[in-house]
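>
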Amino acid sequence: MISIIKSRWILWKKHWLANSLFLFLPVVATIITMTLFTNIQEDSKVPIAIVKKEDSPMADSLYEAAADLPYIRLFNLSEKEALIKLERHELDSVFVIDSGFAEKIKSGARNRLITGYSNHGSFAYTPIKEMLVSYVQTLTAQAKTYYTVDQMAGGKWTWEEVTEKISDIQTEQQLLETTFHLNSIAGNATNEERNRNLWEIWGYFMFISIFFLFDWQIKEKKTAILSRYAMMKYSYQQYVFFHTAVYTFMFVSICLLSAAMFHMLYEEKITFSLLWSMVMYTITLSLAASILSAVYRSVYVYYWTVLLISGVYLITSGVIIPTDGIVSAYPVISLVHPVYPLVQEKYFHPLVILFLGLFLVTQRKQKYF
Amino acid sequence: MGKQLLLFLQLDGKNIKRKWRSLPLLFLFPVLFTLLSAILIAFLIHPQEKNRITVGLIDHDDTPETEGIVRLFAQSEEMNSLFRIKEMSESEAEQLMEQGEISAYIILPKDFTANLYEGKSAVLPVIGNPNKQMESHLIYEIVESIARHIRSSQANILTIHHFASELGKNEEKLQDLLFQQFTDFVFYTLSSGQVIHEKTANNEATSSPMNYFSIGGLFIIYTSWLWLVYLYLYREIDEPLVQRMRLYGVTKLSFLLSRMIWSLFIAISWTGILFIPLHLLLDFELGMIDFLKIFVIYFLHGLLFLCCICIIEIVFSQEKVQLFLQLITFVVISLFSGAIIPAIYFPIWLQELASYSFSYEAFYWVREIVFYGRKFVSFLCLLCMTIGGNIILFGISSWKERLQS
């Protein structure tokens with residue numbers, strides 16, 4: 001075993017840069033991607049235009065309320081300009097505060113106070129519409145309250161007094177609150193605050209790293225080298241077996257390194273079930289990579305195949321397109337795709353058994369050239 | 001140089017003829033890949049009826065008012081399109097949650113209504129299923145937005161209560177008044193949609209997302225074909241042969257150029273094949289001259305993209321490093337073009353960065369021609385970038401050549 005590690009070390013030193021690049025890829029690339037992700041997510045804003053057809057404090061307050069929303073980049077344009085931009089897909093949606101807005105509210109009317117323009121590509125139209133409607137609704141509800149009070153008391157209190165009282169109540173009294181927590185009985189509570197995205201991204205880069213580094217099996221299968229295995233004290237099968245073990249061990253230590261790094265950077269809780277599923281994931285992929293690389297004779301075609309598989313892997317792993325819906329509809333996917341047991345922290349992994357079996361079978365079938 | 005290039009072009013042509021059987025696979029892969037993504041996105045947008053998320057509702061208070069609130073939940077637009085609400089007891093909810101049948105449940109606690117009226121703190125707890133966290137959070141968001149409506153109604157009702165008691169109404173009458181106000185406000189909230197007058201601003205053909213994403217999808221498919229065919233034409237040449245070729249004055253660039261030309265040719269003709277049915281299906285009004293312009297844009301974009309790919313191959317000697325960097329380049333260039341996510345949704349700094357990329361420029365003009373019927377197209381920027389890219393490619397390759405010899 002020691003001789004195997006020694007010889008591997010000599011080989012590694014020759015291409016140390018490329019090799020260590022891929023070895024540490026899961027840690028480095030995950031951190032880079034996460035930083036980019038969070039930066040882009042924080043700065044991503046939906047462009048919206050609000051057209052003010054009248055200049056009243058009420059219209060201004062509605063505009064201010066929309067400007068305070070975190071996910072919106074607000075433009076104040078003329079109606080014509082805004083609609084042209086909307087048609088050219090430079091804006092997501094346009095809202096027009098119609099003239100007579102404040103007048104209408106004060107008189108107790110509430111129909112068609114604002115006009116909302118959307119097109120088929122407006123992703124953010126509905127949530128923003130809901131927000132604006134709920135804001136206008138608070139204004140019209142105030143008017144409604146005023147008229148109810150007015151009816152009871154017959155003009156004893158003015159508009160200002162009533163609206164002031166409402167805002168007093170809103171700030172002073174304890175109004176309805178909502179709380180949210182996860183049920184601790186169903187499911188294990190440990191993965192409560194897991195950052196799912198982090199582990200999905202890590203899983204992808206681990207995939208790339210493991211499969212790209214398993215190219216040794218193809219490189220060491222060249223005809224020029226094959227004849228030399230006869231002189232070795234190990235048979236070719238043993239050679240491949242030991243090396244797969246050494247590589248797997250190396251990737252497992254990368255797992256531990258990643259866990260430690262993510263604990264420091266993102267305060268991920270390190271639990272036994274997490275480490276276990278990470279290690280299982282790594283073993284699954286190492287076995288799969290060993291099987292796949294045994295099939296190929298050209299390194300380039302192998303890389304190529306890995307890239308294609310990694311593309312399918314990426315799309316179906318839920319990093320780019322959330323796949324919760326399709327996975328709960330077809331739970332088979334979570335059995336076939338290695339990333340789901342990792343994310344769900346399952347203890348048992350049917351794929352490991354499958355690949356282990358395949359690995360042993362292909363090992364026996366490997367001809368001694 | 002020209003003679004060598006011709007030779008390699010012939011060689012690669014023969015090579016393609018020999019391996020033609022795998023070409024359809026290359027053709028299909030990006031198309032299937034795009035279809036797979038489209039299916040996944042369709043699943044995301046239109047959740048199946050049978051997996052509509054179920055939400056439990058537990059009513060401990062059981063007053064006419066809480067029934068109003070239940071109705072408020074049931075008729076909420078967001079709630080309705082995604083969720084199904086079921087009334088149940090707490091033990092039932094616990095059990096269903098363990099079986100994974102419900103994603104969350106909402107509890108209306110005892111004395112909920114009384115607390116609401118008196119301005120004491122009334123709490124609406126939402127309990128999520130730890131196995132369905134994303135859905136649970138979504139439900140909480142919606143409950144929070146409904147609670148916002150209730151809060152504003154509550155403040156108004158309390159105000160009315162305040163003024164009514166100042167007028168000296170007796171307790172029983174007050175209670176009646178409050179209840180009446182409450183139901184009033186529930187209906188008032190339910191009909192809040194009237195506030196907005198909704199219009200759609202577009203002509204169907206130019207702004208349906210289907211059209212946008214099929215043109216965008218084609219652009220990405222074209223780019224991936226370029227890369228895939230380029231990789232497909234790779235041939236392993238061992239070092240002694242390279243040495244011998246160098247003695248005859250053959251540079252690495254000439255066989256890279258031959259690969260570039262072949263991949264451009266194949267990718268563009270495939271795109272043409274795919275573009276014709278798409279054009280008939282989506283019914284754009286494009287004349288012959290527009291096709292020519294789009295062809296030129298695609299050509300320049302392809303040339304620039306292959307330049308980047310080539311430069312990576314020249315600079316880095318390890319194949320896996322090359323491939324990985326090419327993958328990153330491909331992803332970045334595709335994202336920057338705005339064909340996957342429209343660029344207006346990027347953060348400003350990213351928008352500015354993307355606008356310097358050739359893929360953004362190319363896709364911008366394609367969009368202008370296809371969607372807005374632009375007649376004038378400025379190729380100047382793309383042309384300059386292409387010339388610049390080629391100069392860099394030639395420069396780097398001759399520098400590398402000199403370094404090796």
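Residue numbers (UniProt numbering), protein chains in the order written: chain A, 1 to 369; chain Z, 1 to 405.
Don't be surprised by glycine CBs; every beta carbon is placed ideally from N, CA and C.
Please read these numbers as outputs of a predicted model, since none were measured by experiment.
(1) If you draw a straight line from the alpha carbon of Trp16/A to that of Leu74/A, how long is it in whole angstroms?
(2) Nearest-angstrom Cα distance between Lys106/A and Ala143/A?
(3) Spatial neighbours of Thr386/Z within its chain, please: C-beta separation below 7 angstroms, excluding the five flanking residues on both sides.
(4) Chain A partners of Gln194/Z, CB-CB under 8 angstroms?
(5) Within the 9 angstroms Cβ cut-off, does Arg151/Z reach chain A?
(6) In three-state terms, what does DSSP make of Val55/Z?
(7) Give me the Cα-Cα distance between Arg244/Z and Leu257/A, rounded to the nearest whole angstrom.
(8) Can you tell me the Cα-Cα spacing of Ile142/Z and Phe251/A, whole angstroms?
(9) If you draw a straight line from the alpha carbon of Phe330/Z to that of Glu81/A, how long is it in whole angstroms?
(10) Taking only beta carbons into account, state which residues of the region 318-339 of chain Z come closer than 8 angstroms to chain A, listed in chain order.
(11) Hey, how far is the Cα of Tyr345/Z from the Cα of Pro47/A?
(12) Would you kindly work out how many angstroms separate the C-alpha atoms of Gly216/Z and Val339/A, rounded to a whole number?
(13) Report the rounded CA-to-CA distance for Leu281/Z versus Thr163/A, giving the unit in angstroms.
(14) Identify which residue in Ala329/A, Lys222/A and Ile320/A has its Cα closest to the Cα of Ala294/A.
(15) Taking all protein chains shown into account, decide if Cys310/Z is buried (16 or more other Cβ within 10 angstroms of its Cβ) or exposed.
(16) Taking just the CA atoms, how far does Thr30/A sit from Trp202/A?
(17) Looking only at its chain, what residues have a beta carbon closer than 6 angstroms to the beta carbon of Ala289/A, apart from the 5 residues adjacent to it on each side?
(18) Spell out whether any CB of chain A is found under 9 angstroms from the CB atom of Val250/Z.
(19) Quick check: is the beta carbon of Ala122/Z nearer than 9 angstroms to any beta carbon in chain A?
(20) Report the rounded CA-to-CA distance for Phe205/A versus His337/A, giving the unit in angstroms.
(21) Could you list which residues in chain Z have their beta carbon closer than 7 angstroms to that of Gly311/A, in chain order?
(22) Note the first and the last residue of the continuous alpha helix (DSSP H) segment covering Gly154/A.
(23) Go through the region 85-156 of chain A residue by residue and report every complete run of the alpha helix (DSSP H) that reaches 4 residues or more, in order.
(24) Just to check my reading of the structure: Ser397/Z and Ile314/Z have Cβ atoms closer than 8 angstroms, yes? What is that Cβ distance to the nearest angstrom?
(25) Going by the beta-carbon positions, is the gap between Lys156/A and Leu167/Z smaller than 9 angstroms?
(26) Taking Ser108/Z as part of the beta strand (DSSP E), name the residues at either end of that continuous run.
(27) Taking the continuous beta strand (DSSP E) assigned at Glu220/A, which residues delimit it?
(28) Taking 9 angstroms as the threshold (beta carbon to beta carbon), is Ile369/Z in contact with chain A?
(29) Less than 9 angstroms between CB atoms is the rule here; does Ala155/Z satisfy it with respect to chain A?
(30) Just by C-beta distance, which residues in the region 155-187 of chain A are closer than 7 angstroms to chain Z?
(31) Determine the DSSP secondary structure at Gly388/Z, reduced to helix, strand or coil.
(32) Is any beta-carbon of chain Z found at less than 9 angstroms from that of Leu132/A?
(33) Have a look at Tyr364/Z, Gln326/Z, Pro209/Z and Cys384/Z and flag the residue whose alpha-carbon is nearest the alpha-carbon of Ser337/Z.
(34) What residues are listed by DSSP as bridge partners for Val198/Z?
(35) With a 10 Å radius around its C-beta and 16 neighbouring C-beta atoms as the bar for buried, classify Thr35/A as buried or exposed.
(36) Can you find a C-beta in chain Z that's less than 9 angstroms from the C-beta of Val27/A?
Short version:
(1) Taken atom to atom, the span from the alpha-carbon of Trp16/A to that of Leu74/A is near 51 angstroms.
(2) If you draw a straight line from the Cα of Lys106/A to the Cα of Ala143/A, it comes to about 6 angstroms.
(3) Listed in chain order, the non-local C-beta contacts of Thr386/Z below 7 angstroms within the same chain comprise Leu300, Leu303 and Leu304, local neighbours out to five positions each way being set aside.
(4) Near Gln194/Z (Cβ distances below 8 angstroms), the residues of chain A are Arg110, Asn111 and Arg112.
(5) Answer yes: the Cβ-Cβ gap between Arg151/Z and chain A drops below 9 angstroms somewhere.
(6) Val55/Z falls in the strand class under three-state DSSP.
(7) Their Cα atoms are separated by approximately 46 angstroms.
(8) If you take the alpha carbons of Ile142/Z and Phe251/A, they lie about 43 angstroms apart.
(9) Each residue's alpha carbon lies about 36 angstroms from the other.
(10) Residues passing the 8 angstroms Cβ filter: Gln318, Glu319, Lys320, Val321, Leu323, Phe324 and Leu327.
(11) Their backbone Cα atoms lie some 7 angstroms apart in a straight line.
(12) About 29 angstroms.
(13) The C-alpha of Leu281/Z lies about 57 angstroms from the C-alpha of Thr163/A.
(14) For Ala294/A, the nearest C-alpha among the options comes from Lys222/A.
(15) Per the 10 Å Cβ criterion, buried.
(16) A direct Cα-to-Cα measurement between Trp202/A and Thr30/A gives close to 6 angstroms.
(17) Hits under 6 angstroms: Ile210, Phe211 and Phe214.
(18) No, no contact with chain A.
(19) Closer than 9 angstroms to some Cβ of chain A, the Cβ of Ala122/Z qualifies, so yes.
(20) The alpha-carbon separation between Phe205/A and His337/A amounts to approximately 15 angstroms.
(21) Result: Phe33.
(22) It is not in any alpha helix (DSSP H) - Gly154/A carries neither H nor E in the DSSP assignment.
(23) Within the region 85-156 of chain A, the complete alpha helix (DSSP H) runs of at least 4 residues are 101-106 and 125-153.
(24) Beta-carbon to beta-carbon, Ser397/Z and Ile314/Z are separated by about 5 angstroms, close enough to satisfy the 8 angstroms threshold.
(25) Taking 9 angstroms as the Cβ cut-off, Lys156/A and Leu167/Z qualify as a contacting pair.
(26) Sequence check: residue 108/Z is Leu here, not Ser. Element bounds for Leu108/Z: Ala104 to Leu108.
(27) For Glu220/A, there is no enclosing beta strand (DSSP E), since its DSSP letter is neither H nor E.
(28) So no, Ile369/Z is outside the interface.
(29) It does: the Cβ of Ala155/Z has a partner Cβ on chain A nearer than 9 angstroms.
(30) The region 155-187 of chain A vs chain Z, Cβ under 7 angstroms: Trp157, Val162, Lys165, Ile166, Ile169, Gln170, Gln173, Gln174, Leu175, Leu176, Glu177, Thr178, Thr179, Phe180, His181, Leu182, Asn183, Ile185, Ala186 and Gly187.
(31) Note: Gly388/Z maps to helix in three-state DSSP.
(32) Chain Z contact via Cβ: present.
(33) If you compare the alpha carbons of Tyr364/Z, Gln326/Z, Pro209/Z and Cys384/Z with that of Ser337/Z, the shortest gap goes to Tyr364/Z.
(34) As written in the sequence, residue 198/Z is Glu, which differs from the Val given in the question. Per the DSSP secondary-structure output, Glu198/Z pairs in a beta bridge with Gly116/A.
(35) It counts as exposed.
(36) Any Cβ of chain Z closer than 9 angstroms to the Cβ of Val27/A would place that residue at the interface, and such an atom is absent.
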